[in-house]
Amino acid sequence: MKSYSRGGAAAQRKTLRKTFAPLRRCVRSFFLIAVVLTCLTNASSQTKPSRAHASLSPEAKALLEDAIGVVCTQAKLDPKSSVAIDEMQARPSLPLHSPDARAGAERAQRLLPLAKELVINSLNQLSTDYGFANSRNFNLRLRQAIARVNSVKRVRPDMESRDNASVYLSRPHVITFGTIFLAGLRSDEGMISVLAHELMHIADGDNDSLRVLVAAVGNKASDLTGLDIHGQRSEEVTCDLIGAMAARAYIVTSPGYESVARRLARSIQHNCVELDEGDEDHLSPRNTIRALLALNPGLVRELINDRF
Ligand SMILES: [Zn+2]
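For what it's worth, numbering that gives the first Met the number 0 labels the leading residue of the sequence shown as 0, then goes sequentially.
See below:
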C-alpha cells in the first residue's frame, strides 16, 4: 500500500488515498504551512554527519552551491522557467479548460512518447553506471520495468490534483497531472523532467522491482551530501535523477539558441522555493537540488561553464 504526499492539506489527502486509493503513488505533492509538519521536518534528518568516504570536497561543495545559484537565478530571468512548487501550492485551482492548463496538457501529451524513450535510455545508463549491467536478475527486472514504461499511454489533466502529478499503480497506463502543475512547467525541458520522474515510479512498479538500484543511488547521495536519503526518499531522488538525465539528453539532441545552462536549469528549478520544507518521504526542495547535483557533477560543470 503506497501513498506519498507532502504536508498540511496534502497529509489529509494522504489518509484518504490510503483508504480509497491505496495504490496511488505521488510524484510531487506540495504543501501548506503546518506547525506539525515543521516539527516533523526538523526532527527528521535534514542534516546528518557526512560519512568519511565519498563526501564532496569543499571545492566541489562550493561549485555545487554556485550551480544552485545559476539554477535559481535562471528561475527569475527565464520567461520559460518552471514555477517554484511553493508558489504553485499557493495558487488558486485552475480549470481544465483554462488556456495555460490546456497548453500544459498538450505539451505533456506531445512529449510523453519522447519522455518514455529518454527514460528507458537513462535507466539503462544508470544501471550501467551503478554496476548492475551484468546482473541477470537485475536485467530481468529492468526489462520488465522498461515494458511498464512502454505501456504508458496518456496524461490525464486533473483540476483537483492541483500542483501534483501522480501515478495510481492500479492504472499504470496513465499519469495524472494537476492543472496548476501543467501550467507551471512552461518549457519542454521542465515537462520532460517531471514526466520522466513519474515514468520512473512506473518503472519501479508496485513491487519496488528496481530497489537495488534505487538504494544504491540513495546511499551514494547520502554519502555525498550527508543528508538522510533512504527508503522512499531514495526513490524520489532516483526519479528526480532520471528526470534530470532525460532532460539533459533531450537538450543534447535538440540544440537551440538558448544557453545550455538555462535549459538545464528548467529541469530542476521548480525546487527553487522560498519555503524549504521536506517530509519523511521527500527531501526539502532545495536539498533535492543539492542531492541531484552531487550525484551528477557533469550537470554542475555545464551549469557553471555555460551560464551566460
Ligand atoms: Zn515521486
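All C-beta atoms in this analysis are idealised placements derived from N, C-alpha and C, irrespective of residue type, glycine included.
Minimum Cα-Cα distance from cysteine 271 among the listed residues Glu257, Ser56, Ile84 corresponds to Ile84. Under the three-state reduction of DSSP output, phenylalanine 176 falls in the strand class.
Scanning the segment 108-157 for uninterrupted alpha helix (DSSP H) segments of 4 residues or longer gives 135-149, listed from N- to C-terminal end. Sorting Pro284, Lys60, His269 by C-alpha distance to the C-alpha of lysine 75 places His269 at the top. Relative to ligand 1, the beta carbon of histidine 269 is positioned no closer than 7 angstroms to any heavy atom.
A direct Cα-Cα distance of roughly 13 angstroms separates glutamine 231 from serine 221. Ser92 is the residue among Ala214, Ser92, Leu122 whose C-alpha sits nearest the C-alpha of serine 160. Assignment of valine 82 by DSSP, reduced to helix, strand and coil, places it in the coil class. Taking 7 angstroms as the cut-off, the C-beta of glutamate 279 does not count as close to any heavy atom of ligand 1.
Leucine 139 sits exposed, since fewer than 16 C-beta atoms from the chains shown fall within 10 Å of its C-beta. Between the C-alpha atoms of lysine 152 and histidine 172 there is a straight-line separation of about 5 angstroms.
Taking 7 angstroms as the cut-off, the C-beta of histidine 200 counts as close to a heavy atom of ligand 1. Excluding residues up to 5 positions away in sequence, Leu62, Asp65, Ala66, Val69 lie with their Cβ nearer than 7 angstroms to the Cβ of isoleucine 303 in the same chain. Three or more pairs of CB atoms, one per stretch, sit closer than 8 angstroms, so the segment 174-193 contacts the segment 236-246. At least one heavy atom of ligand 1 sits closer than 7 angstroms to the Cβ of histidine 196. Annotation: the continuous alpha helix (DSSP H) that includes tyrosine 249 extends over 231-252.
Taking C-beta separations shorter than 6 angstroms and ignoring five residues to either side along the sequence, the partners of aspartate 305 in its chain run Ser258, Val259, Ala260, following chain order. Boundaries of the alpha helix (DSSP H) harbouring arginine 300: 296-304, taken from the DSSP string.
For isoleucine 145, the closest alpha carbon among the candidates Ile119, Thr224, Ser126 is that of Ile119. Here the C-alpha atom of asparagine 123 lies approximately 18 angstroms from the C-alpha atom of glycine 297. Only residues of its own chain outside the window of five on either side were considered, and among them Asp187, Met190, Ile191, Leu194 have a CB closer than 7 angstroms to the CB of leucine 110, listed in chain order.
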